[in-house]
Amino acid sequence: MNTLTPRAPLHLDAGSADSENNNNNAPAPHAEAALSSAAAQAVTDAEQGFGGRLAITPQERDSLTQMVKGNLQGRAAAQDSATPLKAVVEGPAFLDMLCRVRRRGWANDLLTNAQKQGDVWVRRADATAAANQVKDPLATQAALEDALAAVVEKRWRTLGDTPEDVQREARGEFSSMGLFLTAKQGERLAQSIGRAFGGVDGGLADEMLVAEERRERERAEIRRRAEERKAQELERLRQWEATLVDFDALPAILHCSRREALRWFAENRLPIAQRETLPDGQEVFRFDPAELKSIKPLVRHWREGRNGPAHAPITEPEAAQQVAGESAVALADAEANASSAPANAAIARVASMDRFAGHFTTARSMKRRITLVTGPTNSGKSHTALTTLANAESGVALAPLRLLAHEFREALVSRGVPASLTTGEERIIDPTAKHNAATVEMCGFNRPVDVALIDEAQMLSDQDRGAAWTAAIMGVPARHIFILGAADCIPHVKRIAALCGDEVDEIHLERKSPLKAGGALALEELTTGDALIAFSRREVLDLRAQLMAQGKKVAVIYGALSPEVRRAEAARFNSGEADVLIATDAIGMGLNLSIKRVVFSSLQKFDGRNTRTLTTQEIKQIGGRAGRYGMHEEGLVCVLEGAGSPTYIKKMLDAPPEPQEELRPYVQPDADIIQAVADEIGTDSLYGVLARIKRAVLRPDDPNYRLADMDQSMEIAAALEGIDGLDLQTRWTYAMCPVNTRDNDLPLLVDWAAQHARGQKVPPPGMGMLPRPELASNEELGRAEKRHRLLVTWRWLAQRFPEVYADIEGAEKTAADLNEWIEGVLRNQSQMRESSRQRQGYRSGGRGRPGAGGAGPRPGRGRGKDTPKAKGTSPHRGRAGAGTGKRPKRGNSKPRSRA
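For the sequence shown, our numbering assigns the number 2 to the initial residue and increments by one for each residue that follows.
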């Protein structure tokens, strides 16, 4: 370390040295100016004492001045006049202050360099710890790197007794997070671990290098085969598309006039194979000649005026009658005239997705009655349905979330009714039970029951999960079905009932306690019982830090937390252990919360595709959590100051349900459809099957159904193409599992599938290298949340492939340990921040946000009163990306929920 001493004794002018005593009696503005002047002069004198050798930047000088000023303010508050000012800025003390100023930059540089070198094992906490150990403000890059190496090597020694143990633990940590080392990275890791144990073992480094090279070759070969097979399937699809014809070819193929073709096109009788929108907005339609030939026998009947317009919804019995009658002739002709390449009509007929309700044979054989119960949040929709379900001989309750499925089961058990639980990754089987609580995706379609309850039916319009609600409502084999949801779902449910030929009774409920729009609140005006709503994990944690800096105790709920942690955080809030709840829109469904006021921090959200204004239903659904009946006389829905207009909130709460322009239910293929289409087109490629289904099986203008979003399933299917040894049905199961393809989880899923194909067992992800909860950072909290998410994926697969994903007991223990660790972090961070504030109370700022970078002015309200918050404005200083309308990092996007 360089020895830095002042060239001359430090001199402070009398005014600076004595100013703090004089300023105690001065008016506030003069005292503030005097403090600033004294602090700036002290820093300048100290810097000059070192002869300019410290190379202090203007930004660093400002930070040093603020540090000196803060010290003076603290001494003034403590009435400490004994310590002379020069003691604050004399040589060693000034160097220590300069190191503190520079440490953040050092840590950032260390982490950036580690990332450039591919040292993925270096964490921000490592870089911060290394920077904090450096005492020389002129430390060289080599000295900083040495400090970082010492920190990392110390961590390695806590993971095992030998280099081999540490390597196994570290590699397991990386692979379970979807991080796969290159050969070069493996070599650097071996060297780092070797140094931690007294020296680099050349044999161990070579062994790791060879192993990583082999794994890298295997993964590269899987990727190569996947790309090759994907290209083959796309070429097969391209060849089919090359056979398509435009509208002008229709008269010659159908032996009709152009006018007749136009009329039949307008009546939706002609099957469209492909639709393309040109840059000028014009639409171009293309048709499959084989399909046109197959419907040619129907032309005579159309000319005679038989069969109504295709857009009219038809029940499955009516559809079956049409197919069995006139259409059967067309289908026979199609097979007689088809070429060796499968025609779209044949594939569509095999899939039968345009007659989707007919797939559920048990339900279609029953006389079903539907009771549709609608109403806002806190209107008691589930009470009557649960009572009827509990009194029935047998039944099933279907929920959108595992958390809600647990609550349904507990509600049944509390009524003395034995009940099992079935979710994607969890089973609780009571052999005496005739009732089952499950997530919607786990609906059974074969065993008849007396009563079924299907919750949150407004999810029918969700592009990602709506198909699961379609299948549940169409296919649940129950004599009496209670469908619960917001009023928006009424036309959707009626449309499905019409397609199934079921009767519908309607019940509409009102809230048990009134819900009103409140005003705009500043952050410091939040009080006990308030829930602040944000729309990303980062915003939740930012707002939590700001509120804790004000001395408030905070509970948090967001999508990355497991159901168990969410329930624990909800319990903290409901019991009063936490003053304020900060949550994402994850609280819109499930969880019993005693909320007095719901406060929106923004009126815009990123929905996974676009940043948009909240819908009327979203404001009602989330805002409706305020004012729990029996605990609060009324619920208030407010907006954070600067985030939007209270008048807009009132307008949305009073608004009727938004008109539904699209009522066709979402559908998606099941395993039987996948196999049937594969057999028809002669392929074992799941990607090829899904591509053909997406392009061809269900027409975009089908009058009754629309195809759900299959992009993620296709992405997984494409990645699995390079793995030999998995049959089509196994690939389809993998393609449906809950995995976040946007956060580096897909490579890990492919690695698991490759082990499956080789006949190996796949171990569950472990706890990983986590510090004690009281020492954890938000980065480590996020890593634990991701680990838990991977455990959800692993446990989901274990329910379907128990012989491969065998260590279920170990996975459940790790999940429980992670939940306990995460909840411990959330509790400890709150307690530590509160204790810190009590120790440094004099540093609180004025209005604004104490501790959040100084007290800033309140945001203005210069927008129209009936409009939501505009893009590009932010109600909170320091909230990166909040309310800006910018798309967040893809890694923040939540994965689809597959029960």
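Here a beta-carbon is modelled for each residue, glycine too, at the ideal position from N, C-alpha and C.
Asked: Leaving aside the five residues before and after residue 256 along the sequence, list all residues of the same chain whose C-beta is less than 8 angstroms from its C-beta, in chain order.; Found: 297 and 300
Asked: Straight-line CA distance for residue 184 to residue 216?; Found: 9 angstroms
Asked: Tell me whether residue 596 is buried or exposed, calling it buried when 16 or more other Cβ atoms sit within 10 Å of its Cβ.; Found: buried
Asked: So for residue 421, helix, strand or coil by DSSP?; Found: strand
Asked: How many Å lie between residue 59 and residue 757 at the Cα?; Found: 59 angstroms
Asked: Note down, in chain order, each residue of its chain lying with its Cβ closer than 6 angstroms to the Cβ of residue 716, except the 5 sequence neighbours on either side.; Found: 742
Asked: List the endpoints of the continuous beta strand (DSSP E) containing residue 109.; Found: It is not in any beta strand (DSSP E) - residue 109 instead sits in the alpha helix (DSSP H) that spans 92 to 118.
Asked: Look at the alpha carbon of residue 166 and the alpha carbon of residue 160, and state the distance between them as a whole number of angstroms.; Found: 8 angstroms
Asked: Check each candidate in 538, 788 and 573 and name the one with the smallest Cα separation from residue 554.; Found: 573
Asked: Below 6 angstroms CB to CB, which residues in the same chain sit around residue 688 once its five sequence neighbours on both sides are set aside?; Found: 231, 234, 718, 719 and 722
Asked: Taking C-beta to C-beta, are residue 287 and residue 267 nearer than 9 angstroms?; Found: no
Asked: Excluding the 5 residues preceding and the 5 following residue 387 in the sequence, name in chain order all residues of the same chain whose CB lies nearer than 6 angstroms to its CB.; Found: 412
Asked: Considering only residues of the same chain and omitting the five flanking positions on each side of residue 852, which have a CB-CB separation below 6 angstroms?; Found: Interpretation of residue 852 is limited by its pLDDT of 34, a score under 50 that renders its predicted location unreliable; no figure is taken from the coordinates.
Asked: Determine the extent of the alpha helix (DSSP H) in which residue 414 is found, giving its start and end residues.; Found: 403 to 415
Asked: Taking only three categories from DSSP, how would you classify residue 615?; Found: coil
Asked: So, helix, strand or coil for residue 596, using DSSP?; Found: strand
Asked: On the DSSP bridge assignment, give the partners of residue 396 in chain order.; Found: 436 and 452
Asked: Measuring CB to CB, does residue 532 end up less than 9 angstroms from residue 620?; Found: no
Asked: What does residue 211 pair with, by DSSP beta-bridge criteria?; Found: Bridge partners of residue 211: none, in fact.
Asked: Take residue 608 as the anchor and find which of 586, 623 and 490 has the nearest alpha-carbon.; Found: 586
Asked: With distance defined between alpha-carbon atoms, name the residue in 56, 670 and 66 nearest to residue 36.; Found: 66
Asked: DSSP three-state call for residue 520: helix, strand or coil?; Found: strand
Asked: Quick one, are the C-beta atoms of residue 694 and residue 729 less than 9 angstroms apart?; Found: no
Asked: For residue 31, count neighbouring Cβ atoms within 10 angstroms of its own Cβ and tell me buried if that reaches 16, exposed if not.; Found: exposed
Asked: Distance check for residue 628 and residue 606, CA to CA, integer angstroms please.; Found: 24 angstroms
Asked: Excluding sequence positions up to five away, which residues of its chain have a Cβ less than 6 angstroms from the Cβ of residue 454?; Found: 386, 390, 398 and 483
Asked: Pull up the distance between the alpha-carbon of residue 625 and that of residue 534, whole angstroms please.; Found: 12 angstroms
Asked: Evaluate contact between the region 508 to 528 and the region 559 to 572, counting only Cβ atoms and requiring at least three cross-stretch pairs below 8 angstroms.; Found: no
Asked: Just confirm the distance between the C-beta atoms of residue 812 and residue 765, as a whole number of angstroms; I'd bet it's less than 8 angstroms.; Found: 4 angstroms
Asked: Going by alpha carbons, who is nearest to residue 635 out of 261, 518 and 366?; Found: 518
Asked: What whole-angstrom Cβ distance do residue 438 and residue 406 have, given they're in contact under 8 angstroms?; Found: 5 angstroms
Asked: For the alpha helix (DSSP H) containing residue 255, list its first residue and its last residue.; Found: 251 to 255
Asked: How many Å lie between residue 508 and residue 372 at the Cα?; Found: 7 angstroms
Asked: Determine the DSSP secondary structure at residue 636, reduced to helix, strand or coil.; Found: strand
Asked: Taking the CB atoms as reference points, tell me whether residue 578 and residue 561 lie closer together than 9 angstroms.; Found: no
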